[in-house]
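Residue numbers (my numbering), protein chains in the order written: chain E, 1 to 257; chain A, 1001 to 1205; chain H, 2001 to 2272; chain L, 3001 to 3207. Quick reminder that beta carbons are idealized off the backbone N, C-alpha and C, glycines included. Below is one structure; the comments refer to it alone.
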Amino acid sequence: MTAGRIFTFWFLIFTFAAVYYFMERAKKGNLPGVRPIAGLAALDEAVGRATELGRPVFFVPGRAEINSADAAQTLAALEILSHVAEKTAAYDTGLITAVAAPNTYPVAQEVVRESYLKVGKPDAYDPDMVQFYSSEQFAFGSACLGVMMREKVAAAVMVGFFQAESLLLAEGANQAGAISISGCTRLYQIPFFVVACDYTLIGEELFAGGAYLTKNPIKLGSMQGQDLAKLVSVLFVALGAILETFGNHSLTQLFKK
Amino acid sequence: MKRELPLGITAVVGFLFLVQYFFKIAILKSMTDELTDWGTIVSAFAALLAAAGLYKIHLEKIARRKGPWEMSIVLVLVMTAFIIFGVFLGQKSAPYLFLSNQVLVPLSAAIFSLLIFYIGSAAFRAFRLRNLEAGLLLGSGFLVMLGRAPIGEVVWKKFPVIADWLMKWPNLAGNRGVLIGASIGSIAIGLRILVGIDRGHLGQD
Amino acid sequence: MNVLRNLDRRVIYVLLFLLVLYPLVKPMGLPVSVGPWTQGSFDYINNLKAGDLVVVSFDYSSGGAPDVDPQAVVVVKHLFKKGVRIVGTAFVDQGVLFANKVFDAWQKQGKKPGVDFVNLGYLAGGETAVAAFGNNPLKAFPKDNNGNDTASMPIMQGVKTAADFKLIAAFATGAPGPSEWVRQVVTKYKTPYMAGLVTVMAPGAEPYLQSKQMIGLLAGLRGAAEYETALKEPGTAAAGMDAQSMGHVVIIVFVILGNILYLLDKPKKAKA
Amino acid sequence: MTTNWEVWVSALLTLGAYSILFSENKFFQLVEHIFVGVGAGFAVVVNYYSIVNKGIKPMTGKGEWWLIIPLLIGVMLFGRFVKGMAWITRIPISLLVGIGVALALRGAVQAELVQQISANFINVVGKTPGATINNLVMVVGTIGTIMYFFFTYKQTPIVMAGSAVGKWIMMVAFGAAFGNAVQGRISLLISRLQYLFGTWIHLIPTK
């Protein structure tokens, strides 16, 4: 095994096992309660508002390609897109999905189409609900600004991987008078979302979207497994700091293996 | 077949990359390197698909005189010209370089520089002492701004020190916590996709 | 007060625009103090001797260039003034554009390519490319940016590994940055290393200063301005510092105003 | 004022971009559409060459015949345009997702999980009381922030206290990061102003 990755390997296996165990448990009906997550709860409110006003919902699933190391955020964003698209389908509300990563484009189209099928409104689905703007960071940003203002979007959901364009999108939404819900795990960008948006999914709250919104038992189980992994992380942090304080380096050595 | 084959590909490719990361096996290394190149090639086709989508939308707008359709004409013309310059005249030809250096680069810089204005309006709107949490956000943001402003240290020598402390300790601690949580979220979604539980991205039939 | 309550955001925009512009046109000359991070880099370079060989790496792209490019410009200026010879590299594709600009300007002033400096151009591969350069600069760059053989150049004589350089000054807006250079070159060849970074990256690089793996650090436009001050040759960065101050002041004042209004209005809302 | 027409083009485009600050308008629309057009054209050119240089040339020139496979997989993305063949699009997507998920897992578990945990393995008692406080902020802050992300545990007093500490630390962290970004963003504006008022209309002396 590659030196320096042995402990990492076992930690990964442990996390896999924890998630798997709780998913199996959930299949048998042992479902956890989940604490409220404001940003996710606000999604329905946002779509509702757009419906009332008769104006579209604007959705951006981040800018990461699905074959990049940031793919997980895009995939989490697409889970949320699937929920939002089901709602817009059910209420006949307009939906504009703006895509920046070319290879996310066909995937996002698939996700939206499926949502419309699922609610029984295949005829209401329009492929133009998913539009590719640009893979150039700020060309994408300027296109989003323009579209949000021209179409007077009533809700803007921006979740996934973002870079400096985050504030551009958030302020654009604000100026369009839209209710704004954002989410990302990138540390440099969360602050801009937190300051400029109505609701922000911070870090892992983004990944909770799929389970929280669908109430899918397997995903809820997965969440419980994730919590166990976090609990173990907390214990490791505490134990490691205590051991180091007393001059014992064993845990530090273990983590370097 | 329509469902199993794609799920199988994802699982096999994913586990291959994971095993390669943890175990030193020469053949796996060359396989994953090759697959990474394949990913680049396939993604390049996705870019062509996306561009085709852009053409479709704007040509339709022009045909139906929908929205700011005159602008769509400009978009289609500029895009076509750039492609022709790049593919037929080459990436070192004068017209290609003009469009990249005098249009693309300055526009990126211009849109990027809008951010300071938006920082101003966002700070004015959101940095308010509404409650404890908003107060912490406001307080630390305000102190760091003062510490980073050249004029801040003229007012009080300690402002830069405070700003550095905030960046070095609370900022780092918060970031670490967020990273640890988010990484576990990534691992879970990764596992669910590899074993085929999450398959929304593949659509349905 | 009511004017402020209904304040249009465009008022903030206009004030920002004008007040940042003003000191650029009419510099106010607010004092810039030189911090220890900058001083470390300056002192090291100031003690170099004519003929010493140094690497300047342009690892930045246009997005962060406003922060980093002025740093590279002033450091190269100092190096050339001391008669130091420079090997220019780029491990980010757009970096070579900035390298060209800097070296072209100095060539016009009489510095000879291949003798006083060499612009090696861009090498793809990120961290691996940095490692390859450290192991064998000539093998990593058999040709310079203009396609000339590097092995025959006077400036490259006697260069076998990164250990043969007196300093590596690398300017970065992302990767490869300090962690890559330290990991691949500094730990192996003990070459003295300094970085010029965008402001947001600077705190993350501080551990390398503490561990002495880095001799100095320039942080953002401010770092460049401090260096210009240390060199006693204020340039574009120093002029920008006044503008920086004004920009900060506008935002800070508006945050204060916003809170005064909020606190004044709060009792009314509570009653209602 | 400069007579270089290329500078004029860049300067006018910059002004057009700034016009969005006033309101959505025709000038901005024009700039936006030019930008998207150039951006998309750029992407097509870059990716065209990457297909040619990474796929077609090595296949035909160097005998790397197997590169026909990714080229065909890439073409499958267009399957949606052929009736009854839409499902074939899933093959390229599944390949890309497989790569992406694995890369994400690798990055997450090593750099973001294991290394971030072990970065807190520090001797909390520092040389000075101040250093001890800093270390405590680090360890307690990290633990609190992780606890904020406990979604399924009962909100017992310990969990609630931990997650409150986490929320506070995060707010301080986000405020600081926001304030820290201001400086760099002003630099960007300065650089544009120097271009507009220096290079273009010569109001600022350019060196």
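*Determine the direct distance from the alpha carbon of residue 2158 of chain H to that of residue 18 of chain E, and round the result to whole angstroms.*
58 Å
*Look at the alpha carbon of residue 3139 of chain L and the alpha carbon of residue 1161 of chain A, and state the distance between them as a whole number of angstroms.*
21 Å
*Nearest candidate by alpha-carbon position, reference residue 2105 of chain H, set H/2120, H/2084, H/2077, H/2240*: The alpha carbon of residue 2105 of chain H has as its nearest neighbour, out of H/2120, H/2084, H/2077, H/2240, the alpha carbon of H/2077.
*Identify every residue that forms a DSSP beta bridge with residue 2057 of chain H.*
H/2089, H/2170
*Can you list the residues of chain L that residue 2067 of chain H reaches, using a CB-CB cut of under 7 Å?*
3184, 3187
*With a cut-off of 7 Å, does the C-beta of residue 1062 of chain A fall near any C-beta of chain L?*
no
*asked:* I need the DSSP call for residue 2118 of chain H, collapsed to helix, strand or coil.
replied: strand
_Residues near residue 2107 of chain H in its chain [Cβ-Cβ closer than 7 Å; skip 5 each side]_ = For residue 2107 of chain H, where only same-chain residues beyond five positions count, the Cβ hits under 7 Å are 2113.
*Quick one: which unbroken alpha helix (DSSP H) runs of 4-plus residues sit fully inside the segment 176-229 of chain E? Chain order, please.*
190-196, 209-214
*For the beta strand (DSSP E) that residue 156 of chain E lies in, which residues bound it at each end?*
155-159
*Looking at C-alpha atoms only, which residue of H/2016, H/2056, H/2010, H/2012 is the closest neighbour of residue 3190 of chain L?*
H/2016
_Can you give me the C-alpha to C-alpha distance between residue 2141 of chain H and residue 1169 of chain A, rounded to a whole angstrom?_
41 Å
*Under 7 Å between C-beta atoms of residue 3038 of chain L and residue 1104 of chain A*: yes
_Short of 8 Å in beta carbon distance, which residues of its chain neighbour residue 2272 of chain H, apart from the five on each side in sequence? Order them along the chain._
For residue 2272 of chain H, the predicted model reports a pLDDT of 49, less than 50, meaning its position is unreliable and no value from the coordinates is stated.
*Strand pairing of residue 1193 of chain A, partner residues [DSSP]*: None, per the DSSP bridge assignment.
*What is the DSSP secondary structure of residue 131 of chain E, counted as helix, strand or coil?*
strand
*Segment limits, alpha helix (DSSP H) that includes residue 162 of chain E*: First-last for residue 162 of chain E: undefined, no H or E at that position.
*Hey, how far is the Cα of residue 3102 of chain L from the Cα of residue 1015 of chain A?*
7 Å
*Between the Cα of residue 3155 of chain L and the Cα atoms of E/29, E/34, E/7, which residue gives the shortest distance?*
E/34
*Roughly how many angstroms separate the alpha carbons of residue 3136 of chain L and residue 2225 of chain H, rounded to a whole number?*
35 Å
*Contact set between residue 188 of chain E and chain L, taken where Cβ atoms lie within less than 9 Å*: 3177, 3181
_Given a cut-off of 7 Å on the beta-carbon distance, is the pair residue 2052 of chain H and residue 2087 of chain H in contact?_
Taking the C-beta atoms as reference points, residue 2087 of chain H is found no nearer than 7 Å to residue 2052 of chain H.
_Of the residues H/2258, H/2265, H/2266, H/2218, the one placed nearest residue 1128 of chain A, counting alpha carbons only_ = H/2258
*Taking the continuous beta strand (DSSP E) assigned at residue 95 of chain E, which residues delimit it?*
95-99
*Under three-state DSSP, which class holds residue 1205 of chain A?*
Note that residue 1205 of chain A has pLDDT 49, beneath the 50 cutoff, so the model's placement of it is unreliable and no number is given.
_Among the candidates E/223, E/4, E/84, E/125, whose CA atom is the shortest distance from the CA of residue 59 of chain E?_
E/84
*Using the beta-carbon count (16 or more within 10 Å), is residue 1060 of chain A buried or exposed?*
exposed
_Cβ closer than 7 Å: which chain E residues qualify as neighbours of residue 3142 of chain L?_
237
*Could you please tell me which residues of the segment 3003-3033 of chain L, in chain order, have their CB closer than 9 Å to any CB of chain H?*
Against chain H - using a Cβ distance shorter than 9 Å - the residues of the segment 3003-3033 of chain L are 3018, 3021, 3022, 3023.
*asked:* I need the DSSP call for residue 2258 of chain H, collapsed to helix, strand or coil.
replied: helix
*Taking C-beta pairs closer than 9 Å, name the residues in chain A that residue 2063 of chain H reaches, listed in chain order.*
Neighbours of residue 2063 of chain H on chain A, chain order: 1108, 1109, 1112.
*For residue 2176 of chain H, the three-state DSSP class (helix, strand or coil)*: coil
*Does any CB atom of chain L fall closer than 7 Å to the CB of residue 290 of chain E?*
The first residue shown for chain E is 1 and the last is 257, placing residue 290 of chain E beyond what the model contains.
_Within a Cβ cutoff of 8 Å, which residues of the same chain sit near residue 3196 of chain L, ignoring the five residues on either side of it in sequence?_
A distance below 8 Å between beta-carbons, with the five flanking residues on each side excluded, links residue 3196 of chain L to the following residues of its chain, in chain order: 3011, 3014, 3015.
_Burial state of residue 1141 of chain A (16 or more Cβ within 10 Å)_ = buried
*First through last residue of the alpha helix (DSSP H) which encompasses residue 2204 of chain H*: 2202-2210
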